[in-house]
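Just so you know, the protein sequences line up as chains G and S, in that order.
Quick note on numbering: the first sequence equals residues 1 to 349 in the UniProt record's numbering.
Quick note on numbering: the second sequence equals residues 1 to 349 in the UniProt record's numbering.
In what follows, a structure is listed as structure tokens, so that the remarks can point back to it.
Protein chains: 2
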Amino acid sequence: MHAAMWYAPRDIRWEERPDPTIQLPTDAVVRVVAACVCGSDLWTYRGARPPADPHPIGHEFVGVVEQAGADVTTLRAGDFVISPFSISDGSCRPCRQGVTTSCEQVQWYGGTDPAGRTLDGGQGRYVRVPLADGTLVATPAPPDTAQIPALLALSDVLGTGHHAAVSAGVGPGSTVAVVGDGAVGLCAVLAAVRLGAERVVAFSSHADRQRVATAFGAADIIAERGDDGAAVLRDRLGGRGADAVLECVGNQESMAQALASVRPGGRVGYVGVPLGGAELPIRKMFADNIAVAGGVAPVRPYLPELLTDVLAGNLDASAVFDLQLPMEQVAEAYAAMDERRSIKTLLWP
Amino acid sequence: MHAAMWYAPRDIRWEERPDPTIQLPTDAVVRVVAACVCGSDLWTYRGARPPADPHPIGHEFVGVVEQAGADVTTLRAGDFVISPFSISDGSCRPCRQGVTTSCEQVQWYGGTDPAGRTLDGGQGRYVRVPLADGTLVATPAPPDTAQIPALLALSDVLGTGHHAAVSAGVGPGSTVAVVGDGAVGLCAVLAAVRLGAERVVAFSSHADRQRVATAFGAADIIAERGDDGAAVLRDRLGGRGADAVLECVGNQESMAQALASVRPGGRVGYVGVPLGGAELPIRKMFADNIAVAGGVAPVRPYLPELLTDVLAGNLDASAVFDLQLPMEQVAEAYAAMDERRSIKTLLWP
Chain G
1 MHAAMWYAPR DIRWEERPDP TIQLPTDAVV RVVAACVCGS DLWTYRGARP PADPHPIGHE
61 FVGVVEQAGA DVTTLRAGDF VISPFSISDG SCRPCRQGVT TSCEQVQWYG GTDPAGRTLD
121 GGQGRYVRVP LADGTLVATP APPDTAQIPA LLALSDVLGT GHHAAVSAGV GPGSTVAVVG
181 DGAVGLCAVL AAVRLGAERV VAFSSHADRQ RVATAFGAAD IIAERGDDGA AVLRDRLGGR
241 GADAVLECVG NQESMAQALA SVRPGGRVGY VGVPLGGAEL PIRKMFADNI AVAGGVAPVR
301 PYLPELLTDV LAGNLDASAV FDLQLPMEQV AEAYAAMDER RSIKTLLWP
Chain S
1 MHAAMWYAPR DIRWEERPDP TIQLPTDAVV RVVAACVCGS DLWTYRGARP PADPHPIGHE
61 FVGVVEQAGA DVTTLRAGDF VISPFSISDG SCRPCRQGVT TSCEQVQWYG GTDPAGRTLD
121 GGQGRYVRVP LADGTLVATP APPDTAQIPA LLALSDVLGT GHHAAVSAGV GPGSTVAVVG
181 DGAVGLCAVL AAVRLGAERV VAFSSHADRQ RVATAFGAAD IIAERGDDGA AVLRDRLGGR
241 GADAVLECVG NQESMAQALA SVRPGGRVGY VGVPLGGAEL PIRKMFADNI AVAGGVAPVR
301 PYLPELLTDV LAGNLDASAV FDLQLPMEQV AEAYAAMDER RSIKTLLWP
């Protein structure tokens, strides 16, 4: 088969790889129906997280089960499945507590399993999925092609935006500000609206992203950033910060903006990978009782609830996919997102 | 009247001060029936928070209203009242949201009001209480003398311990670990038990404090500290950290111990004043979805609920007062706590 491989900063190649096969009785082999590129893939693309060797890349995909291992009980060949971006057994204590990203057997697409096997990435024709029962979620019936982008968004960005909102305690009546207008930030807007937020304000200075934020239900857009942006926000909210701020970037500036935007007693829900080191000013947090919650999103336990809404036509984040390419053009997908020509690029086989 | 004054590190004097009078129609003057020394007073005592000048000190007291200003509507002369350690109006948005410590008119005992008046401290014969309606809570009837220590604990330590537990999300079934065996940590044990925690583990290496922790409902005591302590905790909890960790110290070591003691997806509730700078390791928090919540405790909104239990005889933190002195010996009260001869010292007029 063919799949995307990372070779070096800005060097992604579409190349021949071994056909995945069942290695363990808990595996499934999935034929990919759609995949996409994640903002976190871009950090790898740019070399910010230098791996030792070339490796498969990508961790967001939906597809059809081709073959299921002997111990797989919840899936069978032909099922349409959504994969969350992390692999988990679904049965250990962290999984039962809803923290599948801290699963005792957690594995990551494109990484290495405990036995030293290289795991397939999600940007390829086929993927071997370990711990298939714990990881994959099947739809009740094969979806229409038109639904596939909305289903693909469940693999990471929508679940991650939802996690930001849940972590920040968003509920009916909340005022919410979203820092970050990437696909995750836009999905956080959608998730906050879905959870009943009274008013959602998005920080964005890009017209294309502002349009999506508005379409997803943001009542206000603020183009200013940093303390200026927080000051405009307080002005819009009658002199106060927001009850909940969703930090969807992961650097020092975005976290500072989030903390400047939250009211006393409020919560920052953060899901941006803190690569650049986002220091938390504990004295300010202490003085104003500002909580910081979130982390790498445990998408898997959110899937049944979100999937129900997607299939009912009530939840559709597919507008984040503003570029669609054939999978063999994966290198161009990365370049388009890296150069901000695309919010998020969908790859068709 | 006489009151305690801070002059310099380890120099607390009991001296003549002007008799408090009503300065504003929202004031009340309270005759102190019991006061005590706070762990945070010790930081001032030791010179860690250097103020510019000698100033009144103390912020935990109960007493009887001597006189109420013309605009005070909820209190009258003769009422027995509990003062939370911060002064708040009870009507602004942060107060209505339960964050009275971020009140738009917040004031602090021993500090200075917006007009430049020095505020009385709580360790004295009388105290002028600004914003009396918002700040003070009266008991339905005059309490018995025997109830006074338990009522005094509501002024700060018990409300603060409760805030740690609430911030960490403690509820029925929670496993809880408490870092810090000072009066607040011990009260956090009591608060967690009251909130229905399934199992509370206290870190303490002092026999007198261990005894109080056990009396307050701690099922286990762990004498080890730091990573060793966290390892023993995991061992006691079947290989996992606690759902909720209550950080009641406020330094780098105690926060590190708290973060090492919490399970993936768990919460640290912290109420120790972060004087020494307690850095938060955001990458670890991110990887394991560990939330950090808490801050300076908004005791006032907790008082009605906690007071009901104290008056019903169901909640009694008075065991933290292991030394009781006449108020004029306030300097000895500080020395006893500074030298760890006393967990917490109660002062009688």
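Ideal Cβ positions, reconstructed from N, Cα and C, are used throughout, including at glycine.
Note that the structure is a prediction, hence the values are computed from the model and not measured.
Residue 145 (chain S) to residue 311 (chain S) span [Cα, whole Å]: Between residue 145 (chain S) and residue 311 (chain S), the C-alpha separation is close to 12 Å.
Contacts that residue 102 (chain S) makes with chain B (C-beta to C-beta distance below 8 Å): Annotation note: the requested chain B is absent from the structure, which comprises protein chains G and S.
Whether residue 217 (chain S) touches residue 189 (chain S) by CB criterion (9 Å): Yes, the pair counts as a contact, with Cβ atoms nearer than the cut-off.
Where residue 228 (chain S) sits in the DSSP three-state scheme: Helix, per DSSP.
C-beta neighbour in chain G for residue 261 (chain S), strict 9 Å: No - not a single Cβ of chain G is within 9 Å of the one on residue 261 (chain S).
Local conformation of residue 302 (chain S) per DSSP, three classes: Correct three-state label for residue 302 (chain S): helix.
Beta-carbon proximity list for residue 279 (chain S), same chain, < 8 Å, skipping 5 on both sides: The beta carbon of residue 279 (chain S) sits closer than 8 Å to the beta carbons of 252, 255 from its chain, once the five residues preceding and following it are set aside; these are given in chain order.
Chain S residues whose Cβ lies nearer than 7 Å to that of residue 280 (chain G): Per Cβ cutoff of 7 Å: 280, 282.
Length-filtered (4 minimum) alpha helix (DSSP H) runs lying within the segment 206 to 268 of chain G: Runs found: 207 to 215, 226 to 236, 252 to 261.
Cβ-Cβ distance between residue 139 (chain S) and residue 151 (chain S) below 9 Å: For residue 139 (chain S) and residue 151 (chain S), yes; Cβs fall inside 9 Å.
As assigned by DSSP and simplified to three states, the class of residue 87 (chain S): Reduced to three states, the DSSP call for residue 87 (chain S) is strand.
Stretch pair the segment 166 to 179 of chain S + the segment 228 to 246 of chain S: three plus CB contacts closer than 8 Å: Touching, per the Cβ criterion.
Contiguous beta strand (DSSP E) assignments of at least 3 residues, all confined to the segment 133 to 210 of chain S: Fully enclosed beta strand (DSSP E) runs of 3 or longer: 175 to 179, 199 to 203.
Selection of the segment 79 to 102 of chain G by Cβ proximity to chain S, strictly under 8 Å: Hits within the stretch, in order: 93, 94, 97, 98, 99, 101, 102.
Those residues which DSSP pairs with residue 284 (chain S) across a bridge: Beta-bridge pairing links residue 284 (chain S) to no other residue.
Buried or exposed (CB count within 10 angstroms, at least 16 for buried), residue 300 (chain G): Counting of Cβ neighbours within 10 angstroms places residue 300 (chain G) among the buried residues, the total reaching 16 or more.
Limits of the alpha helix (DSSP H) - the one that residue 358 (chain G) falls within: Any property of residue 358 (chain G) remains undetermined from this structure, which presents chain G solely from 1 to 349.
Opposing strand residues paired with residue 95 (chain S) [DSSP bridges]: In the DSSP assignment, residue 95 (chain S) is bridged to no other residue.
The segment 49 to 69 of chain G contacting the segment 110 to 125 of chain G, beta-carbon criterion three pairs below 8 Å: Under the 8 Å Cβ criterion, the segment 49 to 69 of chain G counts as touching the segment 110 to 125 of chain G, having at least three qualifying pairs.
Whole-angstrom distance between residue 316 (chain G) and residue 250 (chain G), CA atom to CA atom: Going by the C-alpha atoms only, they are around 25 Å apart.
Candidates G:329, G:308, G:337: closest to residue 322 (chain G) by CA position: Ranking the options by Cα distance to residue 322 (chain G), first place goes to G:337.
Simplified DSSP assignment, three categories, for residue 316 (chain S): Coil, per DSSP.
Residue 70 (chain G) (DSSP reduced to helix, strand or coil): Three-state result, residue 70 (chain G): coil.
Distance between residue 242 (chain S) and residue 364 (chain S) (C-alpha atoms, nearest Å): Given a span of 1 to 349 for chain S in the structure shown, any question on residue 364 (chain S) remains unanswerable.
Under 9 Å between C-beta atoms of residue 63 (chain S) and residue 83 (chain S): Between residue 63 (chain S) and residue 83 (chain S), the CB-CB gap stays under 9 Å.
Whether residue 268 (chain S) touches residue 226 (chain S) by CB criterion (9 Å): No; because the gap between Cβ atoms is not below 9 Å, this pair is not in contact.
is_contact[residue 46 (chain S), chain G] using C-beta, thresh 9 Å: No, residue 46 (chain S) does not count as interfacial toward chain G.
Separation of residue 12 (chain S) from residue 221 (chain G), as counted between CA atoms: Between residue 221 (chain G) and residue 12 (chain S), the C-alpha separation is close to 54 Å.
is_contact[residue 1 (chain G), chain S] using C-beta, thresh 9 Å: For residue 1 (chain G), the closest Cβ of chain S is not nearer than 9 Å.
Where residue 279 (chain G) falls: helix, strand or coil (DSSP): DSSP places residue 279 (chain G) in coil when its eight states are reduced to three.
C-alpha gap between residue 14 (chain G) and residue 2 (chain G), whole angstroms: Taking the straight line joining both Cα atoms gives about 6 Å.
Span of the alpha helix (DSSP H), counted from its first residue to its last, around residue 39 (chain S): It spans 39 to 46 - the alpha helix (DSSP H) in which residue 39 (chain S) sits, taken as one unbroken run.
Residue interval of the beta strand (DSSP E) (run including residue 294 (chain G)): First-last of the beta strand (DSSP E) with residue 294 (chain G): 291 to 294.
Chain-ordered chain G contacts of residue 294 (chain S) [CB-CB under 9 Å]: Here the neighbours are 285, 286, 289, 291.
For residue 340 (chain S), the first and last residue of its enclosing beta strand (DSSP E): Element bounds for residue 340 (chain S): n/a, residue is neither H nor E.
DSSP beta-bridge partners of residue 82 (chain G): Residue 82 (chain G) is bridged to G:62, G:137.
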